[in-house]
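Q: Under my numbering, the sequence shown has 4 at position 4, and the numbering climbs by one with no breaks. Encoded as structure tokens, here's the structure I'll be asking about.
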Amino acid sequence: MKRGLRQQIFNNLLETDLGPIFYALSEQTKKSPKLIAGLIDTYFNDPARALRDFKTIIRA
């Protein structure tokens, strides 16, 4: 049952329209480029950390 639920969540993520998300991110980048630079510095050398942080946010 858990496997089916995980597969459904994964399928939903794949079907998500990412256009509005990328647009919102690009608008925020224009407003605060230092924030983006900080995120790149944090996650560029450790992409697994980005996944862990994302997982933590989802579980909260």
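Using N, Cα and C, we set each Cβ at its ideal position, and we do this for glycine too. None of these values were measured; they are calculated from a predicted model.
#1: From Y23 to G4, what does the alpha carbon distance come to, in whole angstroms?
#2: Mapping the DSSP letters down to three states, classify T82 as helix, strand or coil.
#3: Suppose you measure from the CA of L39 to the CA of N11; what does that come to, to the nearest Å?
A: This is what the structure gives:
#1: Going from the Cα of Y23 to the Cα of G4 covers about 32 Å.
#2: Past the edges of the chain, shown from 1 to 60, lies residue 82, and the structure says nothing about it.
#3: 27 Å
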